[in-house]
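Residue numbering for the first sequence follows our numbering, starting at 1469 and increasing by one per position.
Heads up: the structure comes next, in structure tokens.
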Amino acid sequence: MSEDDTTAVPTDEELETVAELSKRRGFFFPASRAYGGVAGFYTYGPEGAALKRNIEDAWRDRFVTQEGHMEISAPDVMPEPVFEASGHLDGFDDMIIECPECGTSHRADHVVEDATPVEEAESLPIPEVEALIEEYDLDCPVCGESLIDVPVEEFNLMFETNIGPGTSSPGYLRPETAQGIFVEFPQLKQYARNQLPFGVAQVGTAWRNEISPRRALVRVREFTQAELEHFIDPETDEPPLERVADVELTLYPADEQEAEDGDYLTMTVREAVEENVVASDWVAYYLGLARDWYERVGVDMDRFRYRQHLSGELAHYAADCWDAEAELGGDWVEITGFAYRSDYDLSKHGQYSDEEFTLFKQYDEPKTVERATVDPDMSVLGPEFGGDAGAVQDALYDLVERDPGAFEDDTVEVEVDGEPCTVDTADVNFTREEVTESGEHITPHVVEPSFGIGRIVYTVLTHAYDRDVVDGEERAYLGLPAEVAPRAVGVFPLMDKDGLGERAREVETDLRQAGLAVFYDDSGNIGRRYRRQDEVGTPYCVTVDYDTLEDDTVTVRERDSTEQARVAVEELPATLTALRTGSTDIADL
RNA sequence: GCGCCGGUGGUCUAGUGGUAGGACACGAGCCUUCCAAGCUCGUCGCCCGGGUUCAAAUCCCGGCCGGCGCACCA
């Protein structure tokens, strides 16, 4: 079929039609509808679950198998300290104040920061924020009504639960799958035999108690993420840019977004790196990889772009971030975030936990360095300083690292609680020694492509939806790539009589045994059955007719072109596989 | 969370203070030798709760769900 035969589907109609199709044909629908439904939760029906799984498998193939990374599966629930360390307990915790007059909700911390000299109000406890509102007599920024005595409500976007009985052990459903990887870094680095770089992926569920779920699968409260955490040595590791150097990217950098007449830049990965449009080579590498992957699973490249985050929207951990965005119903929707997270997460977990979130990096040549040490004689210092003796000891350890020269005189002075303490150098066993260091502990940096699988499913469905005209009749179909289509092939008897049905059942069994997802249909006329499969995106249909009984050949019909070819039954599995992988074409059969 | 609008079989939709019709889909049968044909029959519905009323799917209030706008979006 040529482009000219396609009837363009208006964007305002597109999402409605896809939503209707999704409900009717079992791609996705609101969950728990028998009990009134609950906002932000969707069930993937038989077609949708298969489509989603195929997209996940395509992701695994590209970002795990092809790249030589590993995949793990961590729990959805993790204990509170994990999220204290990750910053989600604070950073995810919004203080909301609602104006009693006009009903507008505001971030209470923003109200305070905007109208007072106070900075970082977000980190203050709620009673203090309320006190500040009273102290400065703050008003609603919209209508001017006084906000004094209006309660500040806390809203945390994480789902909270209790681990075990009682409330002594709070836990949270992870708001991103990433933390499940970071937390296990001490184990994972051993598995990687302490060698950088290595990548750890996870496909799993993440949860956010969104204030306002919207737009079908776009903003939901439970969703699937496919995340890759690529741990690298920022000093020495380089991405294999040459593999994607010629991939063309549509880029929308921050400065273009802020400019009056800003526009997209189209350039190759190589050019983007050379011209420093994408600052991180690693991010550029993944933008290139991902672009081809999106095309592979059915995202329309004419409705796709990479947009750089503006400085104001960068997450607390991100140094630079680009989003992959797809156009849906006239709006741009983020489907993947590519973030350079630096060493933020591993450093935090290193600080908050008792484990080492570093790797030992061996030098090419061992280094010999002079190291000064002290070993204070506590049998002297103890009686001398009494209760402060421990603090004096710590101060001495601290001092010898900072300033070994301080130990060259007869006495050395340290400060404890602001009070100077003088210690005889003779009592601290100061020594300088030569030590050989073979390496150092470093905290790896992290490059994170984070894919929203549900949004990608929704995008692929929407971009695949199309209409054309076949024999004067309008037809609606999903032009899904064969790799992700829920069903591989439909099998029909031309008539359900004269033994055609029995023969078709045999063909069905053969194809199932060849591992293909087959849908058998003998209801209604043949055209209706083709249309049914078109509507759920089945790429090929096989029809058993009277000739089949004579010569063991069947008709293979292709969805997009509706072209047909005659194929021997015994060659069917191989032919269909070749068609699916694109190594042959229906017109060549 | 606020505001506006909406909620009728599986889907889309008509309709009224006196308990509902259509289209498509679906099932059975007839017909049919490759693209949603036709005929017959059939299954399935007024979001939930409260109020007003002789009577509520219809009017009122609340809830839930959805769309849009605001806010939010690590």
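Ideal placement from N, C-alpha and C gives every residue a C-beta, glycine not left out.
Q: Output yes or no for whether 8 Å exceeds the beta carbon distance between residue 1654 and residue 1699.
A: Here the question's residue 1654 lines up with position 186 in the first sequence. Here the question's residue 1699 lines up with position 231 in the first sequence. No.
Q) Rounded to a whole number of angstroms, what is the C-alpha to C-alpha distance between residue 1565 and residue 1914? A) As a working note, residue 1565 is residue 97 in the first sequence. As a working note, residue 1914 is residue 446 in the first sequence. Going by the C-alpha atoms only, they are around 36 Å apart.
Q | Span of the alpha helix (DSSP H), counted from its first residue to its last, around residue 1830 | A | By 1-based counting over the first sequence, the position of residue 1830 is 362. Taken as a continuous stretch (DSSP letters only), residue 1830 belongs to no alpha helix (DSSP H), being part of the beta strand (DSSP E) at 1827 to 1841.
**Q.** Integer-rounded CB distance, given that residue 1767 should sit under 8 Å from residue 1931
**A.** By 1-based counting over the first sequence, the position of residue 1931 is 463. By 1-based counting over the first sequence, the position of residue 1767 is 299. With 8 Å as the limit, residue 1931 and residue 1767 qualify as a contact, their Cβ atoms being about 6 Å apart.
Q) Tell me which same chain residues have a C-beta within less than 6 Å of the C-beta of residue 1810, skipping the five on either side of it? A) As a working mapping, residue 1810 is identified with position 342 in the first sequence. Result list for residue 1810: 1787 and 1913, in chain order.
(Q) Can you tell me whether residue 1950 is helix, strand or coil according to DSSP? (A) Here residue 1950 corresponds to residue number 482 of the first sequence, with the count starting at 1. Correct three-state label for residue 1950: coil.
Q) For residue 1774, which three-state DSSP category applies? A) Looking up residue 1774 in the first sequence gives position 306. Looking at residue 1774 - three-state DSSP - the assignment turns out to be strand.
Q: May I ask you to list the residues that DSSP assigns as paired with residue 1498?
A: Position 30 of the first sequence, counted from the first residue, corresponds to residue 1498. Answer by DSSP bridge pairing, in chain order: 1510.
(Q) Please classify residue 1551 as buried or exposed, where buried requires at least 16 neighbouring CB atoms within 10 angstroms. (A) On the first sequence, residue 1551 is found 83 positions in, with the first residue counted as 1. It is buried - the Cβ of residue 1551 has at least 16 other Cβ atoms within 10 Å.
Q | Cβ shell of residue 2000 (< 6 Å), same chain only, five flanking positions each side left out | A | In the first sequence, residue 2000 corresponds to position 532, counting from 1. Contacts found: none.
(Q) Taking 8 Å as the cut-off, does the segment 1786 to 1800 touch the segment 1737 to 1755 (at least 3 CB pairs, one atom from each stretch)? (A) yes
Q) Name the DSSP beta bridge partners of residue 1890, please? A) Counting from 1 along the first sequence, the entry for residue 1890 is found at position 422. Answer is 1881.
Q: Would you kindly check if the distance between the Cβ of residue 1827 and the Cβ of residue 1910 is under 8 Å?
A: The residue labelled residue 1910 in the question sits at position 442 within the first sequence. The residue labelled residue 1827 in the question sits at position 359 within the first sequence. Yes, they are a contact pair.
(Q) For a test of the three-state rule: what should DSSP assign to residue 2053, helix, strand or coil? (A) The sequence position of residue 2053 within the first sequence is 585, counting from 1. In the displayed model, residue 2053 falls within coil according to three-state DSSP, outside both helix and strand.
Q: Look at the alpha carbon of residue 1637 and the alpha carbon of residue 1557, and state the distance between them as a whole number of angstroms.
A: For the purposes of this step, residue 1637 is taken as the residue at position 169 of the first sequence. For the purposes of this step, residue 1557 is taken as the residue at position 89 of the first sequence. Whole-angstrom Cα-Cα distance: 15 Å.
Q.
Whether or not the segment 1832 to 1843 and the segment 1894 to 1904 are in contact is what I'm after, with contact meaning three or more pairs of Cβ atoms, one per stretch, closer than 8 Å; do they touch?
A. Segments in contact, yes.
Q. Who are the near neighbours of residue 2045 in its chain, counting only those whose CB is closer than 6 Å to its CB and skipping five residues on each side?
A. On the first sequence, position 577 is the one that residue 2045 refers to. So no residue of the chain qualifies.
Q.
Does residue 2058 pass the burial test, meaning 16 or more other C-beta atoms within 10 Å, or should it be called exposed?
A. Here the chain has residues from 1469 to 2057 only, and residue 2058 is not among them.
**Q.** DSSP-derived helix/strand/coil call for residue 1565
**A.** Locating residue 1565 in the first sequence gives position 97, counting from the first residue. Strand, per DSSP.
Q: Would you check if the distance between the CB atom of residue 1875 and the CB atom of residue 1882 is smaller than 8 Å?
A: In the first sequence, residue 1875 corresponds to position 407, counting from 1. In the first sequence, residue 1882 corresponds to position 414, counting from 1. No.
Q.
Tell me the residue span of the beta strand (DSSP E) that contains residue 1938.
A. In the first sequence, the residue the question calls residue 1938 occupies position 470. Start and end: 1933 to 1938.
Q) How about residue 1648 and residue 1663: do their beta carbons lie closer than 8 Å? A) For the purposes of this step, residue 1648 is taken as residue 180 along the first sequence, with counting starting at 1. For the purposes of this step, residue 1663 is taken as residue 195 along the first sequence, with counting starting at 1. Their beta carbons are not under 8 Å apart, which means residue 1648 does not touch residue 1663 by this criterion.
Q. Once you ignore the five residues that flank residue 1830 on each side, which residues in its own chain have a CB closer than 8 Å to its CB?
A. The residue given as residue 1830 occupies position 362 in the first sequence. The beta carbon of residue 1830 is closer than 8 Å to those of 1906 and 1907 in its chain, skipping five residues each way along the sequence.
Q. DSSP beta-bridge partners for residue 2032?
A. On the first sequence, position 564 is the one that residue 2032 refers to. 2025.
Q.
Between which two residues does the beta strand (DSSP E) holding residue 1560 run?
A. Walking along the first sequence from the start, residue 1560 turns up at place 92. For residue 1560, there is no enclosing beta strand (DSSP E), as DSSP marks it with neither H nor E.
Q. With burial defined as no fewer than 16 other Cβ atoms inside 10 Å of the residue's Cβ, what is the status of residue 1486: buried or exposed?
A. The residue you call residue 1486 lines up with position 18 of the first sequence. The residue is buried, with at least 16 neighbouring Cβ atoms inside 10 Å.
Q | With 16 other Cβ atoms within 10 Å as the buried cut-off, status of residue 1711 | A | As a first step, residue 1711 must be located in the first sequence, where it is residue number 243. When all chains shown are included, residue 1711 counts as exposed.
Q. When you compare only the Cα positions, how much space is there between residue 1769 and residue 1763?
A. Here residue 1769 is taken as the residue at index 301 of the first sequence, counted from 1. Here residue 1763 is taken as the residue at index 295 of the first sequence, counted from 1. The straight-line gap from Cα to Cα measures roughly 7 Å.
**Q.** Complete alpha helix (DSSP H) runs within the segment 1583 to 1665 (minimum length 4 residues, chain order)
**A.** Within the segment 1583 to 1665, the complete alpha helix (DSSP H) runs of at least 4 residues are 1594 to 1603, 1646 to 1651 and 1653 to 1659.
Q. Do the CB positions of residue 1938 and residue 2030 come within less than 8 Å of each other?
A. Position 470 of the first sequence, counting from 1, holds the residue named residue 1938. Position 562 of the first sequence, counting from 1, holds the residue named residue 2030. One thing to note: residue 1938 has its Cβ within 8 Å of the Cβ of residue 2030.
Q) Secondary structure at residue 1788, three-state DSSP: helix, strand or coil? A) Position 320 of the first sequence, counting from 1, holds the residue named residue 1788. Here residue 1788 sits in strand by DSSP.
Q: Determine the direct distance from the alpha carbon of residue 2052 to that of residue 1984, and round the result to whole angstroms.
A: Taking the first residue of the first sequence as position 1, residue 1984 is located at position 516. Taking the first residue of the first sequence as position 1, residue 2052 is located at position 584. Going by the C-alpha atoms only, they are around 17 Å apart.
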